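Colleague: Sequence lines, in order, name chains A and B.
Note that our numbering gives residue 277 to position 277 of the first sequence, counting from 1, and the numbers run on in steps of one.
Plus 1000 on top of the position in the second sequence (first one is 1) and you've got our numbering.
Cβ coordinates follow ideal geometry from the N, Cα and C atoms, glycine included.
These numbers come from a predicted model, not from an experiment.
There are 2 protein chains.
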Amino acid sequence: MTSNVPSVTIQEVADLAKVSPKTVSRVINNEPLVRADTRARILDAIDQLNYRPNLNARGLASNRSFLMGLFCDRPGDYLSEFQAGAVERCRESSIHLMVEPWDVESPQIENQLDTLLGQLRLEGVILLPPLSDHPLVLNKLHEASIPIVRIAPKHNVSATPSIGIDDYAAARQLTAHLVDLGHRRIGFILGRPNHGATEQRYLGFVDEMRAHNIAVDSKLVQTGNFVFADGLICAERMLRAADPPSAIFASNDDMAAAVISMARKFGLDLPGQLSVTGFDDAPVARMIWPELTTVSQPVAAMARMAADLIIRLEPRRNGWPERIPRHLLDHAMIIRNSTARAARR
Amino acid sequence: MTSNVPSVTIQEVADLAKVSPKTVSRVINNEPLVRADTRARILDAIDQLNYRPNLNARGLASNRSFLMGLFCDRPGDYLSEFQAGAVERCRESSIHLMVEPWDVESPQIENQLDTLLGQLRLEGVILLPPLSDHPLVLNKLHEASIPIVRIAPKHNVSATPSIGIDDYAAARQLTAHLVDLGHRRIGFILGRPNHGATEQRYLGFVDEMRAHNIAVDSKLVQTGNFVFADGLICAERMLRAADPPSAIFASNDDMAAAVISMARKFGLDLPGQLSVTGFDDAPVARMIWPELTTVSQPVAAMARMAADLIIRLEPRRNGWPERIPRHLLDHAMIIRNSTARAARR
DNA sequence: GGCGGAAATGTCAGCGCTGTCAATGGGTGC
DNA sequence: GCACCCATTGACAGCGCTGACATTTCCGCC
């Protein structure tokens, strides 16, 4: 009952192709030393029998798992998209993707990690922020010598490959856009403190402001943790201020949506009395009115690339080179109608 | 280099605990016939050595995989939440969750499924709509005798367990809410045709309307496929009509958001001139203004339950009983401010 | 004390594949 | 024709665990 579909084994393929199982194995694993006609004969047999190598057996014999990990903290909206991209690339190499949410705050994380890593040897792990900078996780994976690719980590250069957009440049661009529209008093809502992007986006904002000789009022810099609810609070504080901003730069779209929502409660005319920018181009950016001016990230491409880096590492197995700069993918500033020329005052 | 952390084997544990590997195996697998003190000694040894059984070896020997599948079509927003719930439950039983997106439309799906199922024996699979009703997928899984749990399938009773809320009842409730507010001319936006929920929600709407002797104008019934962009189109058509509705029931929140967005473009006062209801209580429901009146689903609970049903099936292995009614979880109608009393006309 | 039977533990093969190393075969150069 | 070499293939053990079955231990009872 356990398996009413007796699965085809490598032996049967070998018999049919009149070779030894080992040679079939060579073909499966794309090893070079097989004559072309032998290979063809074997592929034929595989096809005829509809043979699929058993991953457990392969894994046991070769100490692999054919599983790639995708570690994230809170599964949020872009996870799905990222995941889809990664799965796509993994499938091309018959690797399966295992998504593992870890709670950064939880004390159990160490034990859970030990369990996972002890149980099977992941081919590699993609780390989403803020896990990209989680010392414990990084350590454990390093100890187990499991290749990793980090998405949007804090530092631009590190011993492990990382992928991201140029958050700093994008933030400057977005800020410049606001300044161009005549805004001088601009509020800023920070993301979660432990995200690399939080820092970069803020730095970009500050530097661009400075470049235009505009002061950044510390009362107009609030922390929203990338969360809608917190965004509401930040927005309220800013709008209630004696000298409220004419524009608010929120570090992601959820918080930008919150700003807009709160602005409505204040009865403001949007974007006339308040310009708002988001970041990420999440689905919500186009679902609210006015639609958000924001920065779009090539999420699927990042995912594919991350998976690809891990898969392509396989052949050399001797680890990554020493210091690798982040793979920078292109972002795009998308101007919609949440930003407009500043009102004369 | 492949593994610089030589892993502890069952043999080492056995040696330390002065028993045979088989007995250790019994403890790992929670088999009953082990004396309490022996078990304790073994658990101790496991702890001391920090032993983690190798999944490949376990799987190979017992023809298992310790992997549960979560199959979905387009990874959408509630996938993340669902996934988190399922992973949580799986972890409790040292099962790992593998999320596999399948493109319902793709002709490759058959081959990809064969590959996956041929490679490893999944412990079970959770099917998200519209995969819950995909004949090919259902068939393949049945042939491979892999237990499945379907989320929100079309029919309420079937040979395999399924989980969902009472979409029909919820839709009636939501419709009644609109009628109570004095709405008579109500538009309806359907979801994707192949979703069970699409049908149920519409039926609930129709029946409740009928119960109040209110006609359903077929011009006010449009198909939006659960997608924001399509929702815009549907909304536009309805609002442009000679005799536009005073309320629109959208089958999910994304489409409801689209209705609101379009209503704004028409310069309507919301909710004064148009009431809108969504469905699902997606994050967007509270991110737009007015906030959506909608129905919330216990997504995480459904996920946990799905995983649980599969895991708990294990012991008896002899398949599911014959005909199983859907496990109905409670929904909740959430009244926010996208719905209001109909304007006098 | 001895016996029967159930409970507890052990033995051993083998799951399906790959790593290691050995064997085979065909071509080259002298 | 022969020695030699390299490209190709095969033999075989064993990865770490569990299933089936064998054996031992324990306990109650006559």
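Do residue 201 (chain A) and residue 167 (chain A) come within 8 Å of each other at the CB atom, strictly closer than that value?
Modeller: Here residue 167 (chain A) corresponds to residue number 167 of the first sequence, with the count starting at 1. Here residue 201 (chain A) corresponds to residue number 201 of the first sequence, with the count starting at 1. In this structure, residue 201 (chain A) lies closer than 8 Å to residue 167 (chain A) by Cβ.
Colleague: Express the C-alpha separation of residue 1301 (chain B) and residue 1082 (chain B) in angstroms, rounding to a whole number.
Modeller: Position 82 of the second sequence, counted from the start, is the residue given in the question as residue 1082 (chain B). Position 301 of the second sequence, counted from the start, is the residue given in the question as residue 1301 (chain B). Cα to Cα, the separation comes out at about 8 Å.
Colleague: List the residues that DSSP assigns as beta-bridge partners of residue 1035 (chain B).
Modeller: Translated into the one-based positions of the second sequence, residue 1035 (chain B) becomes position 35. None; residue 1035 (chain B) has no bridge partner.
Colleague: For the candidate residues A:257, A:226, A:262 and A:50, whose alpha-carbon lies nearest to that of residue 238 (chain A)?
Modeller: On the first sequence, position 238 is the one that residue 238 (chain A) refers to. Checking every option, the nearest Cα to that of residue 238 (chain A) belongs to A:262.
Colleague: Considering Cα atoms alone, identify which of B:1093, B:1123 and B:1087 is closest to residue 102 (chain A).
Modeller: In the first sequence, the residue the question calls residue 102 (chain A) occupies position 102. It is B:1087 whose Cα lies nearest to the Cα of residue 102 (chain A).
Colleague: Rank B:1029, B:1194 and B:1290 by C-alpha distance to the C-alpha of residue 1053 (chain B) and give the top, closest one.
Modeller: Along the second sequence, one-based indexing puts residue 1053 (chain B) at 53. Considering only alpha carbons, the answer is B:1029.
Colleague: Measuring only between beta-carbons, confirm whether residue 254 (chain A) sits less than 8 Å from chain B.
Modeller: As a first step, residue 254 (chain A) is located in the first sequence; it is residue number 254 there, counting from the start. Cβ-Cβ to chain B under 8 Å: yes for residue 254 (chain A).
Colleague: Using the three-state DSSP reduction, which class does residue 197 (chain A) fall into: helix, strand or coil?
Modeller: Residue numbering aside, residue 197 (chain A) sits at position 197 when the first sequence is read from its first letter. The answer is helix: DSSP assigns residue 197 (chain A) an H, G or I state.
Colleague: What alpha helix (DSSP H) runs, 4 residues minimum, are completely inside the segment 60 to 130 of chain A?
Modeller: Counting only runs of 4 or more, we get 77 to 92 and 109 to 119.
Colleague: Chain B beta carbons: is any one of them nearer than 8 Å to that of residue 228 (chain A)?
Modeller: Translated into positions along the first sequence, residue 228 (chain A) becomes position 228. Chain B contact via Cβ: present.
Colleague: Can you have a look at residue 1280 (chain B) and say buried or exposed, based on whether 16 or more other CB atoms are within 10 angstroms of its CB?
Modeller: Here the question's residue 1280 (chain B) lines up with position 280 in the second sequence. Buried, by the Cβ-count rule.
Colleague: For residue 297 (chain A) and residue 165 (chain A), I'd like the C-alpha separation in whole angstroms.
Modeller: Within the first sequence, residue 297 (chain A) is the residue found at index 297, counting from 1. Within the first sequence, residue 165 (chain A) is the residue found at index 165, counting from 1. Residue 297 (chain A) and residue 165 (chain A): Cα-Cα distance of roughly 7 Å.
Colleague: Do residue 339 (chain A) and residue 283 (chain A) have their C-beta atoms within less than 8 Å of each other?
Modeller: Mapped onto the first sequence, residue 339 (chain A) falls at position 339. Mapped onto the first sequence, residue 283 (chain A) falls at position 283. No. Outside cutoff.
Colleague: Candidates A:158, A:80 and A:246: which alpha carbon is nearest residue 181 (chain A)'s?
Modeller: Reading the first sequence from its first residue, position 181 is the one you call residue 181 (chain A). Looking at the Cα atoms, A:246 is the closest of the given residues.
Colleague: Counting only beta-carbon atoms, is residue 1316 (chain B) nearer than 8 Å to chain A?
Modeller: As a working mapping, residue 1316 (chain B) is identified with position 316 in the second sequence. Only weak support is given to the placement of residue 1316 (chain B): the predicted model assigns it a pLDDT of 40, under 50, and the value that follows is read from those uncertain coordinates. Chain A contact via Cβ: absent.
Colleague: Need the endpoints of the beta strand (DSSP E) that residue 25 (chain A) sits in, please.
Modeller: For the purposes of this step, residue 25 (chain A) is identified with residue 25 of the first sequence, where counting begins at 1. Segment 21 to 28 is the alpha helix (DSSP H) holding residue 25 (chain A); no beta strand (DSSP E) there.
Colleague: Say whether chain B places a C-beta atom closer than 8 Å to the C-beta of residue 98 (chain A).
Modeller: Here residue 98 (chain A) is taken as the residue at index 98 of the first sequence, counted from 1. Taking Cβ atoms only, chain B reaches closer than 8 Å to residue 98 (chain A), which makes this a yes.
Colleague: Going along chain A, which residues have a C-beta under 8 Å from residue 1115 (chain B)?
Modeller: What you label residue 1115 (chain B) is simply residue 115 of the second sequence in a count that begins at 1. Those within 8 Å of residue 1115 (chain B) in chain A are 52 and 94.
Colleague: Taking C-beta to C-beta, are residue 197 (chain A) and residue 129 (chain A) nearer than 8 Å?
Modeller: Walking along the first sequence from the start, residue 197 (chain A) turns up at place 197. Walking along the first sequence from the start, residue 129 (chain A) turns up at place 129. Result yes, Cβ atoms of residue 197 (chain A) and residue 129 (chain A) sit closer than 8 Å.
Colleague: Within its chain, find whatever has a CB closer than 6 Å to the CB of residue 236 (chain A); leave out the 5 residues flanking it on each side and keep chain order.
Modeller: In the first sequence, counting from the first residue as 1, residue 236 (chain A) sits at position 236. Excluding sequence neighbours, residue 236 (chain A) sits near 262.
Colleague: Assign residue 225 (chain A) to buried or exposed, taking buried as 16 or more other Cβ atoms, counted over all protein chains shown, within 10 Å of its Cβ.
Modeller: What you label residue 225 (chain A) is simply residue 225 of the first sequence in a count that begins at 1. It counts as buried.
Colleague: Classify residue 1266 (chain B): buried if its beta carbon has 16 or more other beta carbons within 10 angstroms, exposed otherwise.
Modeller: Start at 1 with the first residue of the second sequence, and residue 1266 (chain B) comes out as number 266. The residue in question, residue 1266 (chain B), is exposed, as its Cβ has fewer than 16 Cβ neighbours within 10 Å.
Colleague: Which residue marks the beginning of the beta strand (DSSP E) containing residue 1011 (chain B), and which one marks its end?
Modeller: By one-based count along the second sequence, residue 1011 (chain B) stands at place 11. Segment 1010 to 1017 is the alpha helix (DSSP H) holding residue 1011 (chain B); no beta strand (DSSP E) there.
Colleague: Using C-beta distances below 6 Å, list every residue in its chain close to residue 1305 (chain B), excluding the 5 sequence neighbours before and after it, in chain order.
Modeller: What you label residue 1305 (chain B) is simply residue 305 of the second sequence in a count that begins at 1. If we look at residue 1305 (chain B) and ignore the five residues flanking it on each side, its Cβ neighbours are 1163.
Colleague: Tell me whether the segment 1038 to 1053 of chain B and the segment 45 to 59 of chain A touch, counting them as touching only if at least three CB pairs, one residue from each stretch, are closer than 8 Å.
Modeller: In short, these stretches do not touch, since the Cβ pair count stays below three.
Colleague: So is the beta-carbon of residue 81 (chain A) under 7 Å away from any non-hydrogen atom of the ligand FMN?
Modeller: Within the structure as shown, the ligand FMN is missing, as the structure has no ligands at all.
Colleague: Does the CB of residue 264 (chain A) have a neighbour CB from chain B at under 8 Å?
Modeller: Numbered from 1 along the first sequence, position 264 holds the residue referred to as residue 264 (chain A). Residue 264 (chain A) counts as touching chain B.
Colleague: Taking the Cβ atom as the reference point for each residue, do residue 1311 (chain B) and residue 1288 (chain B) lie within a distance shorter than 8 Å?
Modeller: What you label residue 1311 (chain B) is simply residue 311 of the second sequence in a count that begins at 1. What you label residue 1288 (chain B) is simply residue 288 of the second sequence in a count that begins at 1. No.
Colleague: Could you confirm whether any beta carbon from chain A is found closer than 8 Å to the beta carbon of residue 1127 (chain B)?
Modeller: What you label residue 1127 (chain B) is simply residue 127 of the second sequence in a count that begins at 1. No, no contact with chain A.
Colleague: Could you give the DSSP three-state label for residue 1227 (chain B): helix, strand or coil?
Modeller: Indexing the second sequence from 1 puts residue 1227 (chain B) at position 227. Three-state result, residue 1227 (chain B): coil.
Colleague: Less than 8 Å separating the beta-carbons of residue 1326 (chain B) and residue 1159 (chain B)?
Modeller: By one-based count along the second sequence, residue 1326 (chain B) stands at place 326. By one-based count along the second sequence, residue 1159 (chain B) stands at place 159. Not in contact: residue 1326 (chain B) and residue 1159 (chain B) (Cβ atoms no closer than 8 Å).
Colleague: In chain B, what lies closer than 9 Å to residue 40 (chain A) by C-beta?
Modeller: Within the first sequence, residue 40 (chain A) is the residue found at index 40, counting from 1. Per Cβ cutoff of 9 Å: no residues; residue 40 (chain A) is ~20 Å from chain B at best.
Colleague: Extract the residue ranges of the alpha helix (DSSP H) inside the segment 1213 to 1259 of chain B, only unbroken runs of 4 or more that lie entirely within it.
Modeller: Correct list: 1228 to 1240.
Colleague: Taking DSSP as the reference, what is the three-state secondary structure of residue 1134 (chain B)?
Modeller: Here residue 1134 (chain B) refers to the residue found at position 134 of the second sequence. Here residue 1134 (chain B) sits in coil by DSSP.
Colleague: Against residue 288 (chain A), what residues of chain B qualify as contacts under a CB-to-CB distance less than 7 Å, listed in chain order?
Modeller: As a working note, residue 288 (chain A) is residue 288 in the first sequence. Going along chain B in sequence order, the residues near residue 288 (chain A) (Cβ under 7 Å) are 1287 and 1288.
Colleague: With 16 as the cutoff for other CB atoms within 10 Å, does residue 1157 (chain B) come out buried or exposed?
Modeller: Within the second sequence, the letter at position 157 stands for residue 1157 (chain B). Exposed, because fewer than 16 other Cβ atoms sit within 10 Å of the Cβ of residue 1157 (chain B).
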